[in-house]
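Novice:
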Amino acid sequence: MKLLKSCILFVLISQYTIAQIGIGNTNPNAQLDISAGTIASEKDGLLIPRLDEYPTGVGANQNGMLVFITGNGAPTKGFYYWDNDAMNWISFGASNVEKIDDLIDGKSDSTGSSVFLGFGAGSNDDGSNNQNVGIGFEALNNNTDGFWNIGIGYGSLYTNTSGDGNIAMGWLSLRNNTLGFANLALGHQSLNLNTTGDYNTAIGTYALLKNENGSLNLAVGSYSSAENTSGSYNTIIGNDAGRFSYGSSNVFLGYRSGYYETGNNKLYIENNAADSDSALIYGEFDNNILRTNSEFQIRNPSSNGYAFPLIDGTSNQVLSTDGNGQLTFVNVNTLFTDNDNQTIDNLNLDGTTLEISLENDEEADQTVDLSSLNTDNQTIDNFNLNGTTLEISLENDGETNQTVDLSSLQSPNISNFSLARITLSANQTISNTGYTKLNFGNIDFDINADFDTINDEFIAPTNGYYRVNTVCRTYGVSSGTYLYGLAIYVNGTRVRLKRYNQTGTANFVRTLDNVLALNAGDTLDVRFYNVSPSISITSGSQETALVIERIR
Numbered sequence: 001m002k003l004l005k006s007c008i009l010f011v012l013i014s015q016y017t018i019a020q021i022g023i024g025n026t027n028p029n030a031q032l033d034i035s036a037g038t039i040a041s042e043k044d045g046l047l048i049p050r051l052d053e054y055p056t057g058v059g060a061n062q063n064g065m066l067v068f069i070t071g072n073g074a075p076t077k078g079f080y081y082w083d084n085d086a087m088n089w090i091s092f093g094a095s096n097v098e099k100i101d102d103l104i105d106g107k108s109d110s111t112g113s114s115v116f117l118g119f120g121a122g123s124n125d126d127g128s129n130n131q132n133v134g135i136g137f138e139a140l141n142n143n144t145d146g147f148w149n150i151g152i153g154y155g156s157l158y159t160n161t162s163g164d165g166n167i168a169m170g171w172l173s174l175r176n177n178t179l180g181f182a183n184l185a186l187g188h189q190s191l192n193l194n195t196t197g198d199y200n201t202a203i204g205t206y207a208l209l210k211n212e213n214g215s216l217n218l219a220v221g222s223y224s225s226a227e228n229t230s231g232s233y234n235t236i237i238g239n240d241a242g243r244f245s246y247g248s249s250n251v252f253l254g255y256r257s258g259y260y261e262t263g264n265n266k267l268y269i270e271n272n273a274a275d276s277d278s279a280l281i282y283g284e285f286d287n288n289i290l291r292t293n294s295e296f297q298i299r300n301p302s303s304n305g306y307a308f309p310l311i312d313g314t315s316n317q318v319l320s321t322d323g324n325g326q327l328t329f330v331n332v333n334t335l336f337t338d339n340d341n342q343t344i345d346n347l348n349l350d351g352t353t354l355e356i357s358l359e360n361d362e363e364a365d366q367t368v369d370l371s372s373l374n375t376d377n378q379t380i381d382n383f384n385l386n387g388t389t390l391e392i393s394l395e396n397d398g399e400t401n402q403t404v405d406l407s408s409l410q411s412p413n414i415s416n417f418s419l420a421r422i423t424l425s426a427n428q429t430i431s432n433t434g435y436t437k438l439n440f441g442n443i444d445f446d447i448n449a450d451f452d453t454i455n456d457e458f459i460a461p462t463n464g465y466y467r468v469n470t471v472c473r474t475y476g477v478s479s480g481t482y483l484y485g486l487a488i489y490v491n492g493t494r495v496r497l498k499r500y501n502q503t504g505t506a507n508f509v510r511t512l513d514n515v516l517a518l519n520a521g522d523t524l525d526v527r528f529y530n531v532s533p534s535i536s537i538t539s540g541s542q543e544t545a546l547v548i549e550r551i552r
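Per my numbering, the sequence shown starts with residue 1, numbered consecutively.
1) Do the region 477-485 and the region 424-432 touch if we need at least three Cβ pairs shorter than 8 Å?
2) Put residue 477 into one of helix, strand or coil per three-state DSSP.
3) How should residue 256 be labelled, buried or exposed, when 16 other C-beta atoms within 10 angstroms of its C-beta is the threshold for buried?
4) Per DSSP, which residues does residue 134 bridge with? Please list them.
5) Would you kindly work out how many angstroms separate the C-alpha atoms of residue 243 and residue 506, rounded to a whole number?
6) Can you tell which of 183, 190, 180, 240 has its C-alpha closest to the C-alpha of residue 172?
7) Which word fits residue 77, buried or exposed, when buried means at least 16 other C-beta atoms lie within 10 angstroms of its C-beta?
8) Going by DSSP, which residues form a beta bridge with residue 107?
9) What is the DSSP secondary structure of residue 60, reduced to helix, strand or coil?
10) Can you find a CB in chain B that lies within less than 8 Å of the CB of residue 254?
11) Look up residue 467 in the DSSP assignment and give the residues it is bridged to.
12) To the nearest angstrom, how far is it from the Cα of residue 523 to the Cα of residue 435?
13) Between the Cα of residue 180 and the Cα atoms of 149, 153, 154, 188, which residue gives the shortest distance?
14) Hey, residue 496 and residue 518: beta-carbon distance below 8 Å or not?
15) Give the secondary structure of residue 415 by DSSP, where H, G and I count as helix, E and B as strand, and everything else as coil.
16) Please classify residue 531: does DSSP put it in a helix, a strand, or coil?
17) Is residue 100 helix, strand or coil when you go by DSSP?
18) First and last residue of the beta strand (DSSP E) that includes residue 435?
19) Please name the residue in 218, 269, 239 whose C-alpha comes closest to that of residue 248.
20) What does the Cβ neighbour count give for residue 205, buried or exposed, with the cut at 16 atoms within 10 Å?
21) In angstroms with no decimal places, state the Cα-to-Cα distance between residue 216 and residue 120.
22) Is there contact between the region 120-132 and the region 142-161, where contact requires at least three CB pairs shorter than 8 Å?
23) Under DSSP, the beta strand (DSSP E) around residue 319 begins and ends at which residues?
24) Going by CA-CA distance only, name the one from 75, 26, 41, 57 that's closest to residue 50.
25) Am I right that residue 146 and residue 168 are in contact with their C-beta atoms under 8 Å? What's the rounded C-beta distance?
26) Run the CB neighbour count on residue 532, radius 10 Å, all protein chains shown included, and call it buried at 16 or more, exposed below.
27) List the whole-angstrom C-beta distance separating residue 551 from residue 466, where the pair is believed to meet the contact cut-off of C-beta under 8 Å.
28) I'd like the list of long-range same chain contacts for residue 14, defined as Cβ closer than 6 Å, with 5 residues on each side in sequence excluded.
29) Out of 483, 493, 197, 182, state which residue places its alpha-carbon closest to the alpha-carbon of residue 535.
30) Residue 424 and residue 528: beta carbons closer than 8 Å?
In structure tokens, the structure reads:
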């Protein structure tokens, strides 16, 4: 009988232990349901085990165990639960997060000088005083000891290890940078493939996308200089500007300017992908060339300016204005004639000799024999020049106008004035100090064959005023500061000089332009002034040249 009662009691206790437990109520709604009293008191609540230190020896069986740390020991006061996967006590509530390192996806070094937010951001930072900021998924993920970097955006500066002073903002911007420093990338994948290039600035989606080791580039605009890999010193501004350019020291301004240009030292100002023969403005910095492929205007031709022609004229033609703002190339003989309808500015009758001076002919009075007219010192009361025929009416002679043929008169023909352009036939090295004659031996043109290439000098055929223009370009410049210049010599005597200092080894240009009064037979040559150990003068029609023309 006692055994039966014991079995019944055991069954009842077992059923009770697997049911819900209600404290303060008879109908529990959970495995443990605690209800407060009708009147709140200090005993209403649940007391979790209170400890000064974390429990020891915990493992998988204690996963989720809850304790309250009093703050009397090493751990910070608060509720904690055991996370066996993390093998750590995890604090409840944001109030217990006191620094970025307390966040699962946050990291900071011991001094707080570097800050990383985002999964994998700054994961490999060595924790020293690097002063980096990485915000975004795996931003600055591989950085170890690079400092002063800012990476904002998914994967920005992901591969950077030791590069310094970089700023990357945008999805995968500067992602592959390893050692490059002082780069600025703003925009989706800007400078994405840069590894060791320095001092680059890329602003815009895919700007300098493929640059790897080029340095000192500026690219502003979507896809600007996107295909450049190693070119340096470029300034590219405009969407798609220089997109397929691989060279260095280029300047492109405008949408798609220099789009396909692969050379170096080029200038493009344009708003499409025009080439060097079509771009609004094209230039070559290394050759000092500036070209416009459009009508070049000085001020507004419709008011008081003028416009140059688009194409060159033929040999020996000159520019002439129509008075309405348009210059054109014309033949000289269409502008000047001998005595065809020129104005007579002086007329005098001496007996039967007529003394005549034509307007702007630069000649002394010329004479015509009028003995057939029986003038006898009579006064001329009317005259008119028609072509080469002079119509004359004498005072009180009772005759109609009489005519005289003036075709024998001589008026200067400007088309026969001296005009020559001569260049160096080869590069000339100058190692002497002082003045050295330039070896002009290649004639571009010489209308009257006035230049002597054997003696490198111009010989004036007649008295007159001559414009002399000379330019020379140097190379192989010695390091230091030296005085260089150009001088014009007439009959072996220096008559004009222009010189000034040059510092450094950069190539430079010297020019000299002047107007001289020369007499027939005078000789003229150009000499280079040098005080450096050695310097060379560059040949070629676009480099060093002498132009001489008689203007009056």
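Each residue gets a CB set at the ideal place from its N, CA and C atoms; glycine is no exception.
Specialist: This is what the structure gives:
1) no
2) coil
3) buried
4) 116, 151
5) 30 Å
6) 190
7) exposed
8) 116
9) helix
10) This model lacks chain B altogether; it includes just one protein chain.
11) 515, 549
12) 17 Å
13) 149
14) no
15) helix
16) coil
17) helix
18) 434-437
19) 218
20) buried
21) 31 Å
22) yes
23) 318-321
24) 75
25) No, residue 146 and residue 168 are not in contact; Cβ-Cβ is about 12 Å, not under 8 Å.
26) buried
27) 7 Å
28) Note that residue 14 scores 46 on pLDDT, short of 50, meaning its location in the model is unreliable and no value can be drawn from it.
29) 483
30) no
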